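If you want this note's numbering, it's the position in the sequence shown, counting the first as 1, plus 16. Here is the structure we will look at, set down as structure tokens.
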Amino acid sequence: MTHVNSNKSEIELRGDTAASMSILKYCVRFPNSSKIPNPSGILSREVPSLAIVAANKEVRQLTSKSRRGSYHKYMSKERADIGRYALSNGVQAAKLKFSQEMKVKINESTVRLFKNQHKLELEAKHAGAEFESRDTTISALNVKRGRKLLLGDKIDLMVQKYIADTRRVGGAVSTAIVRAGARGILLSQDRTRLAEFGGSATLSKAWATSLLRRMNYTKRRSTKSHREFQSSLNQIIRISSGASHFTFDYASSSNEQAAQSRHSLGRWPTIS
Numbered sequence: 017m018t019h020v021n022s023n024k025s026e027i028e029l030r031g032d033t034a035a036s037m038s039i040l041k042y043c044v045r046f047p048n049s050s051k052i053p054n055p056s057g058i059l060s061r062e063v064p065s066l067a068i069v070a071a072n073k074e075v076r077q078l079t080s081k082s083r084r085g086s087y088h089k090y091m092s093k094e095r096a097d098i099g100r101y102a103l104s105n106g107v108q109a110a111k112l113k114f115s116q117e118m119k120v121k122i123n124e125s126t127v128r129l130f131k132n133q134h135k136l137e138l139e140a141k142h143a144g145a146e147f148e149s150r151d152t153t154i155s156a157l158n159v160k161r162g163r164k165l166l167l168g169d170k171i172d173l174m175v176q177k178y179i180a181d182t183r184r185v186g187g188a189v190s191t192a193i194v195r196a197g198a199r200g201i202l203l204s205q206d207r208t209r210l211a212e213f214g215g216s217a218t219l220s221k222a223w224a225t226s227l228l229r230r231m232n233y234t235k236r237r238s239t240k241s242h243r244e245f246q247s248s249l250n251q252i253i254r255i256s257s258g259a260s261h262f263t264f265d266y267a268s269s270s271n272e273q274a275a276q277s278r279h280s281l282g283r284w285p286t287i288s
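The structure is reproduced here in structure tokens:
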């Protein structure tokens, strides 16, 4: 039913008038917050609300960042020098020293990465030199085979549930989203696991890909989901033009009638 509240004669919106008034501005735009898990929703039954809030914060920061500039490419010798110095003098000292020498802003995470790589290289060389004198007899096997989860069983499960809920509410899922969400949960639950706080957990792209594979998520392009419209058009669209007020009430319209209205050639529904 279409109601007209006007003191003027009946007006039909057709032709140029209809073309000049875009109905798109009356469509509901869903906020970005509808694409991320609700801290008070069903996910909060299994994942702490504070962890969800922290993960959402990291995801928002990721998606709101402007396009990055070009990375500085470190040569092999530079990596070795930075890693060696950081191993002997600390990450902060290495960061300050080589940032000044190279005239480049070096992040602590980059210095820590080179430090860990250098440490692994040293351990591998020492292990190779001592291999012949070591006892290689296997006395026992662990019951559980395979690599341990990087974040531990509990937090890894939280991350999986967060990603699953993100997909459920229509948000995009990618390795970048996985890493951001996992970082937020770790910051909330156990930040000491992160490499930037002295831990061993580095949230790499390979790790995020592995987690998605364990969740049986197929690799697909991370794009925005299609526009969502309310299933029932029970809202009232009000168009105000001078002294005339036209009110379209679609609550009683069937889906078929609504579809016919949308597909009309540049014409609005007849006002009666």
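C-beta atoms are modelled at their ideal positions from N, C-alpha and C, and glycine is treated no differently. All values derive from a computational prediction rather than experimental measurement.
May I ask you to list the residues that DSSP assigns as paired with residue i?
| i | result |
| --- | --- |
| Ala217 | Leu210 |
Apart from the five residues on each side of it in sequence, which residues of its chain come closer than 7 Å, Cβ to Cβ, to residue i?
| i | result |
| --- | --- |
| Ile201 | Ala67, Ala70, Ala71, Ile171, Met174, Val175 and Tyr178 |
| Val127 | Ile98, Ala102, Val107, Ala110 and Lys111 |
| Lys131 | Gly99, Ala102, Leu103 and Val107 |
| Gly187 | Lys51 and Ile52 |
| Ala224 | Thr191, Val194 and Arg195 |
| Arg207 | Phe213 |
| Ser60 | Ile68 |
| Asn232 | none |
| Lys73 | Gly200 |
| Phe114 | Ile98 and Ile122 |
| Leu12 | The chain is shown only over 17 to 288; residue 12 falls outside these bounds and no answer can be derived. |
| Leu219 | Arg195, Ala198 and Arg199 |
| Leu165 | Asp172 |
Can residue i and residue j be called in contact, C-beta distance under 9 Å?
| i | j | result |
| --- | --- | --- |
| Ile193 | Val120 | no |
| Arg163 | Gln133 | no |
| Pro53 | Thr182 | yes |
| Ala217 | Leu210 | yes |
| Lys51 | Val185 | yes |
| Ala196 | Leu167 | no |
| Gln205 | Pro64 | yes |
| Glu124 | Glu62 | no |
Quick one: what's got a C-beta closer than 8 Å to residue i's C-beta in the same chain, skipping five residues either side?
| i | result |
| --- | --- |
| Gly57 | Asp181 |
| Lys135 | Gly99 and Leu103 |
Looking only at its own chain, which residues have a Cβ that is under 6 Å from the Cβ of residue i, when we skip the five neighbours before and after it?
| i | result |
| --- | --- |
| Gly215 | Thr208 and Arg209 |
| His88 | Val120 |
| Lys221 | Thr191 |
Practice prompt. Jot down the residue ranges of each uninterrupted alpha helix (DSSP H) in the segment 98 to 144, minimum 4 residues, whole runs only, in chain order.
Written response: 107 to 118
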